[in-house]
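By the UniProt record's numbering, the letter at position 164 of the sequence shown is numbered 164, and the numbering carries on one by one without gaps. Glycine residues also receive a C-beta, built at the ideal position from the N, C-alpha and C atoms. Single-structure report; data block below.
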Amino acid sequence: RQLLCEARHAAPSVDEETPLNSPRPDEEEPGATGGAEGEEPPPEGGDEGGDLSKNFRELMQYSAADRKAENFMPLEGNLYRYFGLGIVSNYWTVQSLGMVTIFLVQLLSPPACLIQNLYKMDWQHWNFGVNDWEYVHGSNHHGISNLSKHVVATLFLTMFCLNGAMVIEQDRVVSMKISAMLEQIGKDMPDYLKEVNFWWLHAGRVMNCLVVIECSVIVYFAFVLSETPMDVLFNSMAVTFLYNLDDIGGEMGHSPEAFFATHVC
Numbered sequence: 001r002q003l004l005c006e007a008r009h010a011a012p013s014v015d016e017e018t019p020l021n022s023p024r025p026d027e028e029e030p031g032a033t034g035g036a037e038g039e040e041p042p043p044e045g046g047d048e049g050g051d052l053s054k055n056f057r058e059l060m061q062y063s064a065a066d067r068k069a070e071n072f073m074p075l076e077g078n079l080y081r082y083f084g085l086g087i088v089s090n091y092w093t094v095q096s097l098g099m100v101t102i103f104l105v106q107l108l109s110p111p112a113c114l115i116q117n118l119y120k121m122d123w124q125h126w127n128f129g130v131n132d133w134e135y136v137h138g139s140n141h142h143g144i145s146n147l148s149k150h151v152v153a154t155l156f157l158t159m160f161c162l163n164g165a166m167v168i169e170q171d172r173v174v175s176m177k178i179s180a181m182l183e184q185i186g187k188d189m190p191d192y193l194k195e196v197n198f199w200w201l202h203a204g205r206v207m208n209c210l211v212v213i214e215c216s217v218i219v220y221f222a223f224v225l226s227e228t229p230m231d232v233l234f235n236s237m238a239v240t241f242l243y244n245l246d247d248i249g250g251e252m253g254h255s256p257e258a259f260f261a262t263h264v265c
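Here is the structure:
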């Protein structure tokens, strides 16, 4: 992958006659004269980030600032990675307390919803099958609304489970990238890992899996207990809100996307 990147970087355009090792026009710094007498200013960030930084937090800031580096690798952010990568220096701020509140909401809300739905279900008359899908013309209980409710609920439940599997796979890939990055930093600069909070990183991986599983079960119970297609839609939106609550740039303003991109990568 690195060789392909370098080959693409060195490939000349159709009308280019300059040597391949000369700087491309889009990479020249503004105001640079070039030639034998001109000297290009040193690049900002990049390979100098490890030399200029004094701790892990500053290293992440240099990495985020140097987005033109060939080895730049963006990572999807959530509040657990925000806390785990040592970006937070003061937990007693409105933003930090808000993100801790989001963590508590994701931790406590799904079990509360599951318990409420378990007690609300009529288990004596519950049966597995599609008998309740029966359509009776002119019926108030088995009319077109009842049939459309079951169809929409099944589509939403299928979509939710498939999306959950995709989210867990993406989280696994990002976790592997973070582990590889921290392993390399531990070899080169072991003192920097003192600011990394591995508890938050592991908690994020566990919480993402738990929330996906719990929300999928909640969606099933919510759809069984729904009376109309509108109830199905509102219940699915409520679960989706809880599902994406910890994402950077998500529904709540405690973790804006621009802030994570500036301070992490």
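When you compare each of the options to residue i by their alpha carbons, which one comes out closest?
i, options, result
"residue 220", "228, 232, 241", "232"
"residue 246", "204, 133, 168", "204"
"residue 165", "209, 188, 197, 133", "209"
"residue 218", "133, 193, 197, 111", "111"
"residue 81", "230, 216, 99", "99"
"residue 207", "96, 109, 227, 94", "109"
"residue 227", "96, 95, 132, 83", "132"
"residue 329", "102, 95, 96", "In the structure as shown, the chain starts at 1 and stops at 265, and residue 329 therefore has no counterpart that could be examined."
"residue 104", "127, 128, 79", "79"
"residue 244", "113, 134, 167", "167"
Rounded to whole angstroms, what's the CA-CA distance from residue i to residue j? Just pull it up for me.
i, j, result
"residue 45", "residue 237", "Only weak support exists for where residue 45 lies, its pLDDT of 43 falling under 50; the value from the coordinates is given anyway. Taking the straight line joining both Cα atoms gives about 42 angstroms."
"residue 125", "residue 119", "14 angstroms"
"residue 186", "residue 201", "16 angstroms"
"residue 42", "residue 173", "Residue placement at residue 42 is poorly supported in this model, since its pLDDT is 44, which falls under 50; the coordinates still yield a value, given next. Between residue 42 and residue 173, the C-alpha separation is close to 34 angstroms."
"residue 106", "residue 137", "43 angstroms"
"residue 85", "residue 212", "23 angstroms"
"residue 177", "residue 115", "36 angstroms"
"residue 154", "residue 160", "10 angstroms"
"residue 235", "residue 171", "25 angstroms"
"residue 92", "residue 183", "30 angstroms"
"residue 190", "residue 199", "18 angstroms"
"residue 156", "residue 229", "11 angstroms"
"residue 197", "residue 179", "13 angstroms"
"residue 158", "residue 169", "17 angstroms"
"residue 3", "residue 194", "Legend: pLDDT at residue 3 = 47, less than 50; position of this residue unreliable, value from coordinates given subsequently. Between residue 3 and residue 194, the C-alpha separation is close to 33 angstroms."
"residue 22", "residue 97", "Confidence at residue 22 is low in this model, with a pLDDT of 48, below 50, so its placement is unreliable and the value that follows should be read with caution. Residue 22 and residue 97: Cα-Cα distance of roughly 50 angstroms."
"residue 122", "residue 83", "42 angstroms"
"residue 163", "residue 94", "32 angstroms"
"residue 144", "residue 216", "26 angstroms"
"residue 214", "residue 192", "36 angstroms"
So residue i is in the alpha helix (DSSP H); what residue range does that whole segment cover?
i, result
"residue 150", "144 to 188"
Meets three-Cβ-pair contact criterion under 8 angstroms: the region 214 to 229 and the region 149 to 162: In the pairwise beta carbon analysis, the region 214 to 229 is classified as touching the region 149 to 162: at least three pairs are separated by under 8 angstroms.
Every unbroken alpha helix (DSSP H) inside the region 193 to 256 [4 residues or more]: List check, alpha helix (DSSP H) in window: 198 to 225, 229 to 243.
Every unbroken beta strand (DSSP E) inside the region 80 to 134 [3 residues or more]: Segments of the beta strand (DSSP E) lying fully in the region 80 to 134: there are none.
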